[in-house]
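Each position in the sequence shown, counted from 1, maps to that position plus 1252 in my numbering.
Quick notes on the structure that follows.
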Amino acid sequence: MHRGSIWRSPLAWQVTLFLGMNSFIYYIAVGWLPAMITETGYSAAYAVSLHGLMQLATAVPGLLLAPVIARMKDQRLLACATGLVTLVSLAGLALCPAGVVVWTVLLGVGTGAAMILGLAFISLRAAESHQAAALSGMAQCVGYLLAAVGPMLMGALHDLAGSWYWPLLICSLCAGIMGLLGFLCGTDRQIGVHRNRTGHDREPGR
């Protein structure tokens, strides 16, 4: 595959949007989690402490997943799990704020695991180094765009709705989409490389 065609690859878009959805959710949480928590009746000091706990929890998957992801032939189950954990945490914040500590930790773990896995997908799904660089640029371009608009969009929606209920449910939906995208790009394959009937890789046109 030529370098310029990376934007036309369905697999490249799956990897890009997996990372992009995670960035969208994570930066909304970074920007608004204390406000979400205080709105349910907790103190500002407690909300800030949980905000720090969430960011600490994002580091845990890096210690556990980074050494083993590359050894896994198929990452579909793991990718779906990151989406599910993130979905449950966001839905929990919306529907059961009494469990805010659990939801905050799960949100950190889910988004942290998705980030580690998404970065691994860039190298695992690229057929060669130039393609990996192009995919990295594509993923960062789209990811940072979604990360930039997410907090503003959800903040405006909060002002319109008068609570964080609908913004959190929309973020839950985004987490479900992230899990589906993870299932699609978690399959053992590479951009521009197809399997023939014997199970061997071949380049297009051969």
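C-beta: ideal position from N, C-alpha, C; glycine also.
These numbers come from a predicted model, not from an experiment.
About 5 angstroms separates the beta carbon of ILE1321 from that of ALA1372, a gap short enough to meet the 8 angstroms contact definition.
Of the candidates LEU1308, LEU1432, THR1439 and GLY1362, GLY1362 places its Cα closest to the Cα of SER1275. Our two residues, LEU1421 and GLU1380, have alpha carbons roughly 39 angstroms apart in a direct line. Taking 8 angstroms as the cut-off, the Cβ atoms of VAL1267 and GLY1370 count as close. Beta-carbon to beta-carbon, GLY1360 and ALA1309 are separated by about 3 angstroms, close enough to satisfy the 8 angstroms threshold.
In this structure, the beta-carbon distance from LEU1387 to ILE1258 falls below 8 angstroms.
Contact between HIS1410 and PRO1419 holds: their C-beta atoms lie close to 5 angstroms from each other, under 8 angstroms. In the DSSP assignment, ALA1322 falls outside any alpha helix (DSSP H), carrying neither H nor E. Distance from the CA atom of SER1261 to the CA atom of LEU1397, rounded to whole angstroms, is 20 angstroms.
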